[in-house]
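To start, the structure under review is shown below, and the notes come after it.
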Amino acid sequence: MAILEVDDLRKLYGPTVALEGVSFQVEAGEMFGLLGPNGAGKTTLLSILSCLLPASGGEARILGRRVGVNDPELRRQIGIVPQELALYGELTARENLAFFGGLYGMGGADLKQRCDEVLAAVALSDRAEDRTEAFSGGMKRRLNLGVALMHRPRLIMLDEPTTGVDPQSRNHIFEEVKRLNAAGVTVVYTSHYMEEVQSLCKRVGIIDHGKLIACDDLSALLRRFEGLIQLRLRPITATLRAQLEALPGVRLSQRDEDTLELQCADVKGTLVRVVPLLNDQQVELLGLESEEPNLERVFLHLTGRALRD
Ligand code: ATP
């Protein structure tokens, strides 16, 4: 069952086209990654999906219900972790959670118990009674995630949740997101870090200039695009070139006098075949670099640009 359906969604800010007909679906229980560089339209998309911003065209449905601005019924089903921290510095961690839980109508023993659960989930139980203005950036990010979990949403959407956090907090956030997903919560995770999306998400959408330029299983996306082996060799003979070109699944090109590039899906398997050829031909290996297929390369293939310009 699709928990989220996005259909030809458009958004204009005056003359700026922020979303240009974006369509995709997320099934219940999925961890869906949305990868795109700064300014691609990720925040705009999540703001529309979390009932904060009207779309200029198209529509989105969550649990079959059309998304519109200020729909309290729908907001109860979703948890949003915004890029900008939404915390009150003068309140403690527990008071922040209790405040936001209260906005969703929680109270009494349930609210207290949920605060304890969420504090433990984001590894802040020992700082529960401290004012959040004294927290590190990473601790604030973790509490920001906690706020979104208070009302036990079925769908949680995170907008670049690890921006500016230390590695330890990043791991806490990763672990909690994985635990939530394992417990059946559907996750939409946006990031401009391909490593995060690649390690967390099974299905990935790539967004650029307001358009979804690819959307598929991570493994299928990586299969479609190749890895790279760069060899610096001396001498590069016609025989060697012919032998390398004849390797299965290899596309060969020469960068300069000393450098050959082999594009291939199976980087490790190709390397194993290349080494004996170099020995046979008594070629000196001056340098070797290899890169497995990854989302950075997928993005480069699709746009001609690096993800992080
Ligand atoms: P980032 O990773 O930097 O947050 P993003 O992928 O979330 O980027 P958006 O913030 O959605 O991208 O921005 C998409 C485009 O819309 C950009 O060109 C941006 O400048 C523009 N934009 C965003 N918000 C506004 C606004 N309130 N008014 C005008 N233009 C805006």
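Residue numbers (the numbering used here): 48 to 356. Built from N, CA and C at the ideal position, the CB exists for glycine as well.
Query                                                                                                                               : Result
Bridge-paired residues (DSSP) for Gln-301                                                                                           : Leu-307
CB contact flag (Met-204, Leu-93, <8 angstroms)                                                                                     : yes
Residue environment, Glu-339, which counts as buried when at least 16 other CB atoms sit within 10 Å                                : exposed
Rounded separation between Arg-355 and Gly-154 - CA only                                                                            : 45 angstroms
Of the residues Glu-273, Ile-283, Val-319 and Glu-67, the one placed nearest Arg-344, counting alpha carbons only                   : Glu-273
Opening and closing residue of the alpha helix (DSSP H) in which Cys-162 lies                                                       : 155-168
Cβ pair Asn-191, Leu-100 closer than 8 angstroms                                                                                    : no
Limits of the alpha helix (DSSP H) - the one that Arg-344 falls within                                                              : 342-350
Integer Cβ distance of Tyr-236 from Gly-136, believed to fall under 8 angstroms                                                     : At roughly 27 angstroms, the Cβ-Cβ gap does not stay under 8 angstroms, so Tyr-236 and Gly-136 are not in contact.
Phe-71 beta carbon less than 8 angstroms from that of Gly-257                                                                       : no
The segment 212-220 / the segment 154-163 touching (three or more Cβ pairs under 8 angstroms)                                       : no
Cut-off 7 angstroms between Cβ atoms - residues of its own chain near Val-169, not counting five sequence neighbours on either side : Arg-189, Leu-190, Leu-192, Gly-193, His-219 and Glu-223
Beta-carbon proximity check, Thr-209 vs Glu-77, cutoff 8 angstroms                                                                  : no
Three-state class that DSSP yields for Ser-337 in the structure shown                                                               : strand
Environment of Asn-117 [buried if 16+ CB atoms lie within 10 Å]                                                                     : exposed
Exposure label - Val-319; buried when at least 16 CB within 10 Å                                                                    : exposed
CA-to-CA distance, Leu-287 to Gln-328, given in whole angstroms                                                                     : 7 angstroms
Within 5 angstroms of the ligand ATP: residues by beta-carbon to any heavy atom                                                     : Tyr-60, Thr-63, Ala-65, Asn-85, Gly-86, Ala-87, Gly-88, Lys-89, Thr-90 and Thr-91
CA-to-CA distance, Lys-89 to Leu-166, given in whole angstroms                                                                      : 28 angstroms
Cut-off 6 angstroms between Cβ atoms - residues of its own chain near Leu-307, not counting five sequence neighbours on either side : Leu-278 and Gln-301
Beta-carbon spacing of Ala-102, Lys-58 below 8 angstroms                                                                            : yes
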